[in-house]
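In this note's numbering, the protein residues as written are 169 to 307.
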């Protein structure tokens, strides 16, 4: 399909192996979509180096802002503005992927993809949030 071709071309243009990504639709809702957390993190790293990386990053929700999918997460003042990420959830799936700036000043690309019963509600989000907080505090 045209979408699949465009996705492959875009992935290859940033130096990624498009064969490692199975993209069936643009929404992310198709059960045929497949990507590993490691490959998603590689995509985020590639985008951070891309000439349009800043424009890409501006599309992500930011911790501490009143709007966006992170508005009820990472509410501590010390985390404000330190996380830019995309959330995703459907039944039995919860994802959080983006960038976190650690106390050390280093920025990390991360992807946390959870699958299974009970992860798409607040339990999964709480686990993701603990992992990202730990990265920020110790990274």
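Every residue gets a Cβ at the ideal spot worked out from N, C-alpha and C, and that includes glycine.
Computed from a prediction, not measured in an experiment: that's the story for all the values here.
Per-residue DSSP class, three states only, for residue i
i	result
residue 221	helix
residue 191	coil
residue 184	coil
residue 202	strand
residue 176	helix
residue 216	helix
residue 247	helix
residue 208	helix
Selected residue, minimal CA-CA separation from residue i, among the options
i	options	result
residue 251	304, 280 and 188	304
residue 282	275, 273, 292 and 276	292
residue 300	188, 277, 185 and 189	277
residue 209	256, 186, 199 and 266	266
residue 262	234, 196, 220 and 217	196
residue 306	274, 290, 245 and 284	274
residue 181	242, 219 and 284	219
residue 269	258, 253 and 259	253
residue 259	239, 217 and 198	198
residue 238	244, 225 and 255	255
residue 228	179, 295, 264 and 284	264
Residue i: first and last residue of the uninterrupted alpha helix (DSSP H) it sits in
i	result
residue 300	290–306
First and last residue of the uninterrupted beta strand (DSSP E) at residue i
i	result
residue 254	251–258
residue 262	261–269
residue 281	275–283
Residues that residue i bridges to, as DSSP identifies them
i	result
residue 230	252
Whole-angstrom C-beta distance between residue j and residue i, which should lie under 8 Å
i	j	result
residue 247	residue 272	Not quite, the Cβ-Cβ distance comes to about 15 Å (not below 8 Å), so this is no contact.
residue 205	residue 279	4 Å
residue 297	residue 242	6 Å
residue 189	residue 207	6 Å
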